[in-house]
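In my numbering, the protein residues as written are 260 to 1161. One structure is given below, encoded as structure tokens.
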């Protein structure tokens, strides 16, 4: 919005700000100079007048928020920065490591079954739901330097474990080791059918070679009759790669690779290992020189690896988002070369080529199961390299992993004591699920670098045109909702994520908050979805990449920030400051201008039609294919609102979020000792938005006792095929997409009778006075099993609502129209706990519902995890089964707090 209260700069102020020293004109030119000066003065006066009329130029959408970035605070540098430099910060992959630097070394693995019918179409790399892994996820992860992950992929039982070690004189971020193990999950019997499958696989390889060859002849008939290959034990092809984002060249030592795969069987291999020659090496900032060593390990059953071959490929490319395709094309090129040489038995191997100046090196190791490998990475000065390599491989790595596991268990017990010990009424298996929930939240932390794309609408003449613009390049350190489906940052999700992360590592959580607030633009807007860099963008359909600078998202960070400020206030009152209290205070004070700007942006862009009301922007009033146009900006997507969007809508959930934000800012400002003039506006806003009478006047339906949105609405809507009128007057449906039609009463301004999560927000945000009869009615509605209550948690929309479990379009199934979501249930549990602990006529009932709801949620999440191996995006309200994307270890991981009663 254009500001009209700004004071204009007069000519004197302008000249002072210029820093120029006026020069006295000479006599000969004095008259002309004074005439020129008069013109300049007049021009400046005109500009000053225009400035006073129009106000200052509003800040641009494309500019970052001015001032020092929060990620530059001293608490996030030094030891903290180095401790977190290396990590599993590539959550969109089954296993990937990188540094928290814009231009980093990337490490990762891929694998495939070389014996399956379509191996090239089943290379595992990116964590994808369509891969159909039986289960995968971190069993332990401390978010810093240790993690243990298990994956089950058809016949493979896979373990990836990693640990860091800081050694005197080592490079920045420490040395690290990775242990990879592939073992057979189920060994098929050698039957005629499996023999035939092996023959089919050879024919498929021939077809692959022909399909991708520019000059191929017709496909070969396959193996000759009577010469079908014998069934072999299960095998795996593992691909290990390192890539340099800044283009720094890598050196691949093929002799060292050959020695590594020979193991201890060859004399030359022993010599190579004693000499400590790395398979890969290079030099990259800020590490300096680095090396990657490959060592054979021992399986859990004590067996050594049975490696049958190794190959490689080294590429020069700036693109890191399509390495899977690069491997696939390398395998195809190798197949073509083998076929051109007349080979009858084709092997799926990389082509053993290295481009000049290669910054990506990929090593393929094919083995009969089991396969066990250690990867040892060391950097920095060359002193004691051999000793350091031994420390992060072999027995040394085993000791590091054991120490990491023990330290994790000790810390988990200290942080989540009740659930860790099996207490607090948690069901059997709750501790296992809480460990996995926490570990996958921490193991899903990512580091992203790039820029957001925004959709700008500009008026040119009489028409409004759209254009795409880019924001500034920046970094983001953040958790993600789902490694398989949403491996990037989401604004309202992150507020819930940090409720759990802060319990484990307050410093890590503070840095995440700082990173998110650094994404703010000069107007106070933060994009709700952060798609930074090629790797993130490659996972998003193009139509969803651009962000709209008028699109909000619930300000969930205030859930955490308000609690932080209370802790700071308690420390100040007791005059006992811990390091964590001081760090919280530093962050809150530095973030104050951004928090204030964020709040003001909401008020400037999301205000409703009457004082004290708010409206999410982004609903499409012209939509004819949606039964109830979605409100993606609210986070609740297809949760029903007014059937016909208009500017007259009032959204109760957004009003409640703003009440939370106003009270949080008032609390933060007061506890930080900021000047009263800074804090008074937020105290006034909080009192106004918390006013119970105003809330009820805007949103309470007295007859039902439900809190509701307001807008142009009718219950009489349906999706129907387009109709055509025949000559005899009959109407018949014709082919075409379903469209919304009004089947009865026309839309009228009213409170919207769709009881669901939206209706709960006055309760969730604790805006109902504890002694009010309205609270008793809300508890009664909440426990009604014909509405939201189930044995598995609160469903998102009442069973009696007209849009319960209804598709929103022909191809858009219900999302927030009945399913159980953990984030809102968590808020409900916390609100009920609050009201249960507050003396009132309703306290006993609130506490009873608090305990019952918590038990229902935890019991079902634990049962579904033990049944499927996953935490889920949502849960079915009829039977409790997990639904949607998985693993969903974003806000569903709050089960760790729920199980512990936190």
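Ideal placement from N, C-alpha and C gives every residue a C-beta, glycine not left out. These figures come from a predicted structure and were not determined experimentally.
(message) Between the alpha carbons of residue 694 and residue 779, how many angstroms are there, rounded?
(response) 33 Å
(message) Taking the alpha helix (DSSP H) that residue 1105 belongs to, which residues open and close that run?
(response) 1102-1127
(message) Distance check for residue 758 and residue 1153, CA to CA, integer angstroms please.
(response) 8 Å
(request) Within the same chain, show all residues whose beta-carbon is closer than 6 Å to that of residue 548, passing over the 5 residues directly before and after it, in chain order. (result) 542
(message) Less than 7 Å between C-beta atoms, sequence neighbours within five positions excluded: which residues of the same chain meet that for residue 279?
(response) With a pLDDT of 37 at residue 279, under the threshold of 50, the predicted position of this residue should be treated as unreliable, and no value is reported.
(message) Using C-beta distances below 7 Å, list every residue in its chain close to residue 792, excluding the 5 sequence neighbours before and after it, in chain order.
(response) 707, 708, 709
(request) Mind checking which residues open and close the alpha helix (DSSP H) that includes residue 426? (result) Taken as a continuous stretch (DSSP letters only), residue 426 belongs to no alpha helix (DSSP H), as it is neither H nor E.
(request) For residue 825, count neighbouring Cβ atoms within 10 angstroms of its own Cβ and tell me buried if that reaches 16, exposed if not. (result) exposed
(message) Under DSSP, the beta strand (DSSP E) around residue 254 begins and ends at which residues?
(response) Nothing in the structure corresponds to residue 254, since the chain is present only between 260 and 1161.
(message) Using CA atoms only, rank isn't needed, just tell me which of 1003, 923, 814, 785 is closest to residue 755.
(response) 814
(message) By DSSP's criteria, residue 1010 is part of a beta bridge. Which residues make up the other side?
(response) 969
(request) Output the residue ranges of the alpha helix (DSSP H) runs that lie fully inside the region 1023-1053 and measure 4 residues or longer, sorted by chain position. (result) 1032-1041
(message) Between 923, 664, 900, 612, which has its C-alpha nearest residue 912's C-alpha?
(response) 900
(request) Only counting runs of 3 or more residues, tell me where the beta strand (DSSP E) segments fall wholly within the region 554-596, in order along the chain. (result) 565-574
(message) Less than 8 Å between the C-beta atoms of residue 1018 and residue 1069, yes or no?
(response) no
(message) If distances are taken between C-alpha atoms only, which option among 439, 976, 321 comes closest to residue 660?
(response) 439
(message) In the DSSP assignment, the beta strand (DSSP E) including residue 394 goes from what residue to what residue?
(response) 394-400
(request) Starting from residue 1085, trace the beta strand (DSSP E) both ways and give me its first and last residue. (result) Careful: residue 1085 lies outside any beta strand (DSSP E), inside the alpha helix (DSSP H) at 1081-1096.
(request) Just the C-alpha distance for residue 642 and residue 419, rounded to the nearest angstrom, thanks. (result) 29 Å
(request) Classify residue 524 as buried or exposed, calling it buried when 16 or more other Cβ atoms lie within 10 Å of its own Cβ. (result) Only weak support exists for where residue 524 lies, its pLDDT of 40 falling under 50; the value from the coordinates is given anyway. Answer is exposed; the Cβ neighbour count stays below 16.
(request) Rank 1093, 713, 403 by C-alpha distance to the C-alpha of residue 787 and give the top, closest one. (result) 713
(message) Quick check: what's the CA-CA separation for residue 866 versus residue 740?
(response) 29 Å
(message) Can you confirm whether the region 1000-1011 touches the region 968-980 when touching is taken to mean that 3 or more C-beta pairs between the two stretches lie within less than 8 Å?
(response) yes
(message) If we define contact as Cβ-Cβ less than 8 Å, is residue 381 a contact residue for chain C?
(response) The question asks about chain C, but that chain is absent: this structure has only one protein chain.
(message) Using C-beta distances below 8 Å, list every residue in its chain close to residue 495, excluding the 5 sequence neighbours before and after it, in chain order.
(response) 370, 371, 372, 373, 415, 441, 625, 626, 628, 630
(request) Would you mind reading off the limits of the beta strand (DSSP E) that contains residue 541? (result) 539-543
(message) With the cut-off set at 8 Å, would you say residue 395 and residue 422 are in Cβ contact?
(response) no
(request) Name the two residues that bound the continuous alpha helix (DSSP H) containing residue 620. (result) Premise fails: residue 620 lies in the beta strand (DSSP E), 619-627, not in any alpha helix (DSSP H).
(message) When you compare the CB positions of residue 1081 and residue 1148, do they come within less than 8 Å of one another, or not?
(response) no
(request) Return the residue from the list 737, 391, 767 that minimises the CA-CA distance to residue 338. (result) 767
(message) Using a 10 Å radius around the Cβ and a threshold of 16 neighbouring Cβ atoms, would you call residue 727 buried or exposed?
(response) exposed
(request) Look at residue 903 and residue 702 and say whether their C-beta atoms are less than 8 Å apart. (result) no
(message) For a quick check, are the C-beta atoms of residue 905 and residue 988 less than 8 Å apart?
(response) no
(request) Report all residues from its chain with a CB closer than 6 Å to the CB of residue 1158; omit the five preceding and five following residues, and keep chain order. (result) 678, 685, 689, 693, 1117
(request) For residue 909, name the three-state secondary structure that DSSP assigns. (result) strand
(request) Can you grab the Cα-Cα spacing for the pair residue 203 / residue 834, in whole Å? (result) Because the chain in this structure spans residues 260 to 1161, residue 203 falls outside the shown range and cannot be described.
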